[in-house]
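Chemist: In the numbering used here, the protein residues as written are 1084 to 1340. My questions all concern the structure below.
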């Protein structure tokens, strides 16, 4: 198991730390991020890396779930070749990933949302920013699409077809390890079956719910998935208690940043 970005002695602890740093950075986000005289619409360029500060650490933590420590061993080397990540560490990783999916973690402070106006004509005609959130609200900043993009990344890593297949295999070999059914159940409990509150955060919760269903359907219909994976994903997505509030959200296309 290896990561592109490997910070801190423990990936889960580092994710928790980065989320605290990110929350503080969002609270303090201001026009001071721009040069004097720059259009405030350019604040979105500065906001993207702050909002996505923990995205690579999410990937690192996801590798613990259904994860395997290994070495590219050679004959005569006495070191252990493979070792499945412990049940405790896998479940701790899943809990951390689900925390990152909570509406509170995906919401922007109202102070930030009030700062970003529509993009003036011609501002990006010659120097389009490398990273902005793709929205569905026309010229205005779309915080729900930003939350959707981040949720899509996180849920996609949790329910990745290869990870799902490893969860099935490892649980079959050692019943103490989390099963794919357990993981899907915990994802549904943390999203569809969790109270979303009201207002902006409730809307974010509904977006995350739609992302979960999207990925369960993708997993169930993936021709490359093990048949046990597809069957479990199909079974669980059919048991989700769809309520009228969520109708019309399930066919929303999900696009990562």
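For glycine and all other residues, C-beta sits at the position ideal for the given N, C-alpha and C. Computed from a predicted model, the values in this text were never measured in an experiment.
1. Provide the residue(s) that pair with residue 1165 in DSSP beta bridges, ordered along the chain.
2. If the criterion is Cβ atoms closer than 8 angstroms, does the pair residue 1323 and residue 1271 meet it?
3. Rounded to whole angstroms, what's the CA-CA distance from residue 1311 to residue 1226? Just pull it up for me.
4. Is the segment 1178-1192 touching the segment 1094-1104, taking contact as three or more C-beta pairs under 8 angstroms?
5. Rounded to whole angstroms, how far is the Cβ of residue 1129 from the Cβ of residue 1117, which I believe are closer than 8 angstroms?
6. The alpha helix (DSSP H) with residue 1197 in it runs from where to where?
7. Which whole-angstrom value describes the C-beta separation of residue 1283 and residue 1190, a residue pair presumed to lie in contact below a C-beta threshold of 8 angstroms?
8. Residue 1266 to residue 1204, Cα distance in whole Å?
9. Pull up the CB-CB distance for residue 1263 and residue 1250, whole angstroms please, since I reckon it's below 8 angstroms.
10. Under 8 angstroms by Cβ, that's how I've got residue 1290 and residue 1238 pegged, so tell me the actual separation to the nearest angstrom.
11. Where does residue 1230 sit, in a helix, a strand or coil, going by DSSP?
12. Give the secondary structure of residue 1204 by DSSP, where H, G and I count as helix, E and B as strand, and everything else as coil.
13. In terms of residues, what are the limits of the alpha helix (DSSP H) holding residue 1215?
Modeler: On the basis of the data shown:
1. Answer by DSSP bridge pairing, in chain order: 1153.
2. The Cβ atoms of residue 1323 and residue 1271 lie closer than 8 angstroms to each other.
3. If you take the alpha carbons of residue 1311 and residue 1226, they lie about 37 angstroms apart.
4. Touching, yes.
5. Separation of the CB atoms of residue 1129 and residue 1117 is rounded to 7 angstroms, and the pair is thereby assigned contact status at 8 angstroms.
6. For residue 1197, there is no enclosing alpha helix (DSSP H), as DSSP gives it neither H nor E.
7. With a Cβ gap of about 6 angstroms, residue 1283 and residue 1190 count as contacting.
8. Cα-Cα distance, rounded: 47 angstroms.
9. Yes, they are in contact, since the Cβ atoms of residue 1263 and residue 1250 sit about 4 angstroms apart, within 8 angstroms.
10. Contact doesn't hold; Cβ gap of about 11 angstroms is too wide.
11. Helix at residue 1230.
12. Per DSSP, reduced to three states, the secondary structure at residue 1204 is coil, with no helix or strand assignment.
13. Where residue 1215 is concerned, there is no enclosing alpha helix (DSSP H), given that its DSSP letter is neither H nor E.
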